[in-house]
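Data block below; observations after.
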Amino acid sequence: MGESKMLKGLAIGAFAGMALSLIDGPTRKKTVHCLKQSGSHAKGYAKNPSHAIQDLRIKYEQWSYTLDSQIKNVLDTLNQMEGYLSKVEQIDEEPPKQLEGPPKQLQG
């Protein structure tokens, strides 16, 4: 029962936010333009479903290429970090150097 009240509250809040944002003229014009454009795309896809499938395939290939290149970038960065960590480990394993006397400024 509490879940349905939450969903109703979310829906009412979303609707109220949408209504308040449409008071602004430029926002309203942009929204109407986007809705008309989406409607014309939907009509075009309904008339020619093969075009919709072709567009979907093109978008899928673009996203696949983008994802692949980003994964390669992440792997390259991780490999660089691994190299830096191995250098830091080598520095940590070296014994500390002993000073050979007081600094020159303090002598004599």
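In the numbering used here, the protein residues as written are 72 to 179.
In this text, a Cβ means the ideal position worked out from N, Cα and C, and glycines have one as well.
Because the structure is a prediction, the values reported are computed rather than measured.
(message) Here's a check: name, in chain order, each residue in its chain whose Cβ is nearer than 6 angstroms to the Cβ of P97, leaving out the five neighbours to either side.
(response) Looking up residue 97 in the sequence shown gives position 26. If we look at P97 and ignore the five residues flanking it on each side, it has no Cβ neighbours.
(request) Could you have a look at P97 and say whether DSSP puts it in helix, strand or coil? (result) The residue you call residue 97 lines up with position 26 of the sequence shown. It is helical.
(request) Please report how far the alpha carbon of P166 lies from the alpha carbon of D139, in whole angstroms. (result) On the sequence shown, position 95 is the one that residue 166 refers to. On the sequence shown, position 68 is the one that residue 139 refers to. Distance between the alpha carbons of P166 and D139: 43 angstroms.
(message) Taking the straight line between their C-alpha atoms, what separation do you get for G154 and I142?
(response) Translated into the one-based positions of the sequence shown, residue 154 becomes position 83. Translated into the one-based positions of the sequence shown, residue 142 becomes position 71. The straight-line gap from Cα to Cα measures roughly 18 angstroms.
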